[in-house]
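**Student:**
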Amino acid sequence: MNNTKTIDFKDRYPLILAGGPNVGKSVIFNLLTSQYVTVSNYPGTTVEITTANSSIAHAKFMVLDTPGINSLMPYSEDERVTRDILLKYQQKIVVHVFDTKNFTGNLMLTFQLIEMGVPLVLDLNMFDEAQTRGVKIDTEKLAKHLGIGVVATIATEKVGLNKLVSEISKAGISEFNIDYGEKIEAAIAKISGLLPALNIAKRLAALLLLSKDVTFKRYLLEQGVQEDALANIDTITENTKQHFTKSLKSVIIEKRHKKAEEIFKSVSFLKKASRTRISDKIGLLMVSPHWGVPIAILIMYATYLFVGKFGAGFLVDLIENKFFNSFLNPLITNLVDNFIPIAFIKDILVGEYGLVTMALTYSFAIIFPIVTTFFIVFGILEDSGYLPRLAAVVNRLFKFIGLHGKAVLPFILGLGCGTMAVLTTRILETKKERLIATLLLAMAIPCSAQLGVILGMLGGISFKIVMVWLAILLAILVLIGYLSSKLIAGEISDFMLELPPVRLPQISNILIKVRARLIWYLKEAVPLFILGTLLLFVLDKFNALSVIRDFVSPVVVNFLGLPAKSAEAFIIGFLRRDYGAAGLYALQRQGELSNLQVLVSVLTMTLLVPCVAQFFVMIKERGLKVAILIFVFVLAFAVLMGGLINFIFRAMAMMF
112 MNNTKTIDFK DRYPLILAGG PNVGKSVIFN LLTSQYVTVS NYPGTTVEIT TANSSIAHAK
172 FMVLDTPGIN SLMPYSEDER VTRDILLKYQ QKIVVHVFDT KNFTGNLMLT FQLIEMGVPL
232 VLDLNMFDEA QTRGVKIDTE KLAKHLGIGV VATIATEKVG LNKLVSEISK AGISEFNIDY
292 GEKIEAAIAK ISGLLPALNI AKRLAALLLL SKDVTFKRYL LEQGVQEDAL ANIDTITENT
352 KQHFTKSLKS VIIEKRHKKA EEIFKSVSFL KKASRTRISD KIGLLMVSPH WGVPIAILIM
412 YATYLFVGKF GAGFLVDLIE NKFFNSFLNP LITNLVDNFI PIAFIKDILV GEYGLVTMAL
472 TYSFAIIFPI VTTFFIVFGI LEDSGYLPRL AAVVNRLFKF IGLHGKAVLP FILGLGCGTM
532 AVLTTRILET KKERLIATLL LAMAIPCSAQ LGVILGMLGG ISFKIVMVWL AILLAILVLI
592 GYLSSKLIAG EISDFMLELP PVRLPQISNI LIKVRARLIW YLKEAVPLFI LGTLLLFVLD
652 KFNALSVIRD FVSPVVVNFL GLPAKSAEAF IIGFLRRDYG AAGLYALQRQ GELSNLQVLV
712 SVLTMTLLVP CVAQFFVMIK ERGLKVAILI FVFVLAFAVL MGGLINFIFR AMAMMF
């Protein structure tokens, strides 16, 4: 018997893709909307709601891709983002994208979505991987149990997509209920009677309140529920609690888990798992105590060779010297000299701080090949499933600095873009963890373009100097992290992270990712390079640049031991740290920096204040006061460390 009430929909409906981290929501989003959103093998990639309009089965939808969520009672900020979007819309359809390998755990969220009282479709994704592990699910039987449409999909191969579209078109509200026992059911009825009409079923609202979900109570206050009503609900909760030795939250979870196991036994066929694959053995080696760290070092060295040597060395030399310096820039300079008589415009275009000779040359001849090679490596690491394993390897080290292995994910994303990385600190459960991660991201994690330029500068000297820079940076990260963990009040959450299978990266998917990220670079970064060049041009024309240079030269020249001209790179580094690094790279290629000066300047630039975009996101996420305090501390610390390294290595006569 199908216990579903179907609904009619004529207008554009919100179609919300919900589910745990790393279950394939973004792949489904791509397939349903034909619009790309970054897909990877670690949680936290999607930190905000991504939307796109789409026509599905002759109906118009607004499709929403949400951050990973394991429960409607959120434990981290990214889970709260998803729960809030589920509460926002009165009329909506939800597709629960479900990792079939973890059937029982995922079904716990399905129960809550059913209790929410929304039209629901269950998408059993990664169906093939579950079968490989010896688990086969009878989808028709499961659909009858739950009273909702159930589809088996392999999203990466587009298997089951047509069936999913069909089920979305006839999505209905299930009448399935879990019996939580006489006492809790009585409490649900009493609490439901005290609640006004909400965008979700009162049954789920009552269960969240019985579980003492503080964030949901705040939501009810925002919806106009009176304090008196909430006080009465608290009384009902406490009275109900007297009948149990455990918390009501634990009792409710146990009931759901028992029902999930019962359904699993009813709808599953267990067979002997396929022979252990080579990829599974490799996955175990990546997290083993003996091989995990050596593999991480090997991957880091391979990244250095590809990005630092090939990208920042061979490609930059080819594009900058053979194309820009030998052909394009002379050609444009000649055209400007012949056809534009106004000296001011000439200077803007092809002068020392010209839009062509500086902005476009930096953007396309120096940084573009570097970020391209870095994005390729990053895409391979994402697709292969290595990043969560790296999180497991570094978990013990991260505990020492007040974090856990899950925090490596924002740090890794910070190697792509520090702005996005600050947003992904939402995956960390406690305020203390988010604050420590934001501080370390601001001072010790270079973004992809900056990292590529740094590898190019240092890699052109020797691998030894790369390792010295990295060792100093890691020592600073550990020291500041450790001190922060002792000085900042708060708790550290437990580390739990599901490891996806190790997969052979798909070339097509990597190319799509690289293309999407390069488009982002062209849209977001290049305009800022142009703006930064114009700023330098204006400052130079009004002699302000020389004034600023003279003002900071005692620090830059006497304390850091760098040429006065390098001050320009640090000034512009606030707009874009990678642009500042590119300025230092240009000085190095012109022979104006010694090897030691390269190390000092690169280290100072790495530790220097975050770019303006990251700073604004820090204000958004942590507040103005905290963001300013971090900014001031990082600025002072970067200069101090740069000066200390300069004096120490000069005293030791280490010039590399």
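Residue numbering for the sequence shown follows my numbering, starting at 112 and increasing by one per position. We put the CB at the ideal spot given by N, CA and C, even for glycine.
Would the beta-carbon of Lys-313 fall within 8 angstroms of that of Lys-360?
**Tutor:** no
**Student:** Taking Met-469 as part of the alpha helix (DSSP H), name the residues at either end of that continuous run.
**Tutor:** Counting along the chain, Met-469 falls outside any alpha helix (DSSP H), and DSSP gives it neither H nor E.
**Student:** In terms of residue numbering, what span does the beta strand (DSSP E) encompassing Lys-247 cover?
**Tutor:** 246–248
**Student:** Secondary structure at His-368, three-state DSSP: helix, strand or coil?
**Tutor:** helix
**Student:** Between Ala-600 and the rest of its own chain, which residues show a CB-CB distance below 8 angstroms, the 5 nearest in sequence each way excluded?
**Tutor:** Apart from the 5 residues on each side of it in sequence, Ala-600 sits with its Cβ closer than 8 angstroms to the Cβ of Lys-543 in its chain, given in chain order.
**Student:** Expressed to the nearest angstrom, what Euclidean distance is found between the alpha-carbon atoms of Ile-204 and His-368?
**Tutor:** Annotation: Ile-204 to His-368 spans about 25 angstroms, alpha carbon to alpha carbon.
**Student:** What is the DSSP secondary structure of Glu-602, counted as helix, strand or coil?
**Tutor:** coil
**Student:** Can you check the segment 276–350 for any alpha helix (DSSP H) of at least 4 residues that lies completely inside it and give the ranges in chain order?
**Tutor:** 293–305, 313–321, 325–333
**Student:** Given a threshold of 16 other Cβ atoms within 10 Å of its Cβ, counted over all protein chains shown, does Ser-303 qualify as buried or as exposed?
**Tutor:** By the C-beta density criterion, Ser-303 is exposed, having fewer than 16 other C-beta atoms within 10 angstroms.
**Student:** Classify Phe-380 as buried or exposed, calling it buried when 16 or more other Cβ atoms lie within 10 Å of its own Cβ.
**Tutor:** exposed
**Student:** By DSSP, does Lys-212 sit in helix, in strand, or in coil?
**Tutor:** Here Lys-212 sits in helix by DSSP.
**Student:** Since Pro-449 and Val-467 are thought to touch, with beta carbons under 8 angstroms apart, how far apart are those beta carbons, to the nearest angstrom?
**Tutor:** Per the sequence presented here, residue 449 reads as Asn, with Pro not at that position. 15 angstroms between Cβ atoms; not a contact.
**Student:** Among the candidates Arg-700, Leu-633, Ala-586, whose CA atom is the shortest distance from the CA of Met-752?
**Tutor:** Ala-586
**Student:** Taking CB distances under 8 angstroms as the criterion, tell me whether Val-447 reaches chain B.
**Tutor:** Absent from the structure is chain B; it holds one protein chain and no more.
**Student:** Cα separation between Glu-703 and Ser-677?
**Tutor:** C-alpha of Glu-703 to C-alpha of Ser-677: approximately 9 angstroms in a straight line.
**Student:** Return the residue from the list Thr-264, Glu-226, Asn-620 that minimises the CA-CA distance to Gln-242.
**Tutor:** Thr-264
**Student:** Is it buried or exposed for Ile-453, if we count other Cβ within 10 angstroms and need 16 for buried?
**Tutor:** exposed
**Student:** Excluding sequence positions up to five away, which residues of its chain have a Cβ less than 8 angstroms from the Cβ of Ile-487?
**Tutor:** Within its own chain, the residues whose Cβ lies closer than 8 angstroms to the Cβ of Ile-487, once the five positions on either side in sequence are excluded, are Phe-417, Ile-621, Val-625, listed in chain order.
**Student:** Quick test of your reading: Val-232 and Val-206, contact by CB under 8 angstroms. State the CB separation rounded to the nearest angstrom.
**Tutor:** 5 angstroms
**Student:** CA-CA distance, Lys-370 and Phe-222?
**Tutor:** Their Cα atoms are separated by approximately 9 angstroms.
**Student:** Who does Asn-164 pair with in a DSSP beta bridge?
**Tutor:** Met-173
**Student:** Just curious, the alpha helix (DSSP H) that Asn-436 is in, first and last residue?
**Tutor:** Careful: Asn-436 lies outside any alpha helix (DSSP H) and carries neither H nor E.
**Student:** For Leu-584 and Ala-747, what's the separation of their Cα atoms in angstroms?
**Tutor:** 16 angstroms
**Student:** For the alpha helix (DSSP H) holding Ser-379, just list the boundary residues, first then last.
**Tutor:** Here Ser-379 belongs to no alpha helix (DSSP H); instead the beta strand (DSSP E) covers 379–381.
**Student:** Which term fits Lys-357, buried or exposed, when burial requires 16 or more other beta carbons within 10 angstroms of its beta carbon?
**Tutor:** With fewer than 16 other CB atoms across the displayed protein chains lying within 10 angstroms of its CB, Lys-357 is exposed.
**Student:** Which word fits Met-716, buried or exposed, when buried means at least 16 other C-beta atoms lie within 10 angstroms of its C-beta?
**Tutor:** Classification for Met-716: buried.
**Student:** Under a Cβ-count criterion, where at least 16 other Cβ atoms within 10 Å of its own Cβ denotes burial, should Lys-212 be classed as buried or exposed?
**Tutor:** buried
**Student:** Is His-515 helix, strand or coil by DSSP?
**Tutor:** Three-state result, His-515: coil.
**Student:** Can Gln-201 be considered in contact with the ligand PLP, in the sense that its beta carbon sits closer than 7 angstroms to one or more heavy atoms?
**Tutor:** In the structure on display, the ligand PLP does not appear, and there are no ligands present to speak of.
**Student:** Would you list the residues sitting across from Leu-128 in a DSSP beta bridge?
**Tutor:** The partner list for Leu-128 (beta bridge, DSSP) reads Asp-176, Val-206.
**Student:** Rank Gly-260, Asn-273, Gly-131, Asp-195 by C-alpha distance to the C-alpha of Ala-215 and give the top, closest one.
**Tutor:** The displayed chain sequence assigns Thr, not Ala, to residue 215. When each option's Cα is compared against that of Thr-215, the closest is Gly-131.
**Student:** With contact counted as at least three CB pairs below 8 angstroms, one residue from each stretch, are the segment 492–503 and the segment 387–398 in contact?
**Tutor:** yes
**Student:** How long is the line joining the alpha carbons of Ile-641 and Ile-683, rounded to whole angstroms?
**Tutor:** 11 angstroms
**Student:** Using 8 angstroms as the threshold, is the C-beta distance between Ile-225 and Phe-287 below it?
**Tutor:** With a cutoff of 8 angstroms on beta-carbon distance, Ile-225 and Phe-287 are scored as near each other.
**Student:** Do you know offhand how far Gly-516's Cα is from Ile-408's?
**Tutor:** 17 angstroms
**Student:** Note down, in chain order, each residue of its chain lying with its Cβ closer than 7 angstroms to the Cβ of Lys-301, except the 5 sequence neighbours on either side.
**Tutor:** Closer than 7 angstroms at Cβ, skipping near neighbours: Ile-347.
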